[in-house]
Structure formats: structure tokens, C-alpha cells
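Residues 1 to 77 (the UniProt record's numbering) make up the sequence shown, in order. Glycine is no exception: its CB is placed at the ideal position from the N, C-alpha and C atoms.
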Amino acid sequence: MNVDTRKGLTLDVATRWNSTYLMFESTLLYKDIFQRYKEYNLGFIWLPIEEEWESSEKIYEFISYFYDATLVFSGTT
Numbered sequence: 001m002n003v004d005t006r007k008g009l010t011l012d013v014a015t016r017w018n019s020t021y022l023m024f025e026s027t028l029l030y031k032d033i034f035q036r037y038k039e040y041n042l043g044f045i046w047l048p049i050e051e052e053w054e055s056s057e058k059i060y061e062f063i064s065y066f067y068d069a070t071l072v073f074s075g076t077t
């Protein structure tokens, strides 16, 4: 797998709205890694089903407009 692992996972922070977008971004980036990890670690029982991944992708796409607007209004583009 050719995935840039320097990014790492991002956690959601209740007081930072854009952290939700960044959390989705990092999680979707590592989707294949999560699935591969489950194959090697039978104790890893939590993994979204395909429908949940698809919903996550739609949410990520939807909130990307708000993320971009926030960057424009905050002056960081």
C-alpha cells in the first residue's frame, strides 16, 4: 500500500468546527489501512461497513464547502 503515513489520524475537537472535516479527511485516507489491519489483528472488531464508509464520504464532501469557506473568512487559504 502506498499511503503517506506522516499525516496521522485527527481527532474531532468540540470547540474547533473544522476538526470534524479534518477527522473525516484523515480517516478516509486510511480506509484501506483499517481494512488491512483487521485482516492481521483478529481482535480489531470495529470497522465501518461499506455503507458507513459511503456515508462518511458524502458527509466529508458536503462539509468541505464549509471548511473552505471558513478558511477564506479566516484569511488562511
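Use the C-beta contact count for residue i: other C-beta atoms within 10 angstroms, 16 or more gives buried, fewer gives exposed.
i	result
Y37	exposed
F24	buried
Just reading off the alpha helix (DSSP H) that residue i is part of, what are its end residues?
i	result
T70	E50 to S74
K38	K31 to Y40
Per DSSP, which residues does residue i bridge with? Please list them.
i	result
R16	V13
If we ignore side chains and look at the alpha-carbon of each, how far apart do residue i and residue j end up?
i	j	result
G8	S26	7 Å
V72	L42	44 Å
A69	D12	19 Å
S19	Y67	9 Å
P48	S74	34 Å
Q35	I45	11 Å
E50	D32	12 Å
Find out if the Cβ-Cβ distance for the pair residue i, residue j is shorter than 8 Å.
i	j	result
I63	Y21	yes
L28	S56	yes
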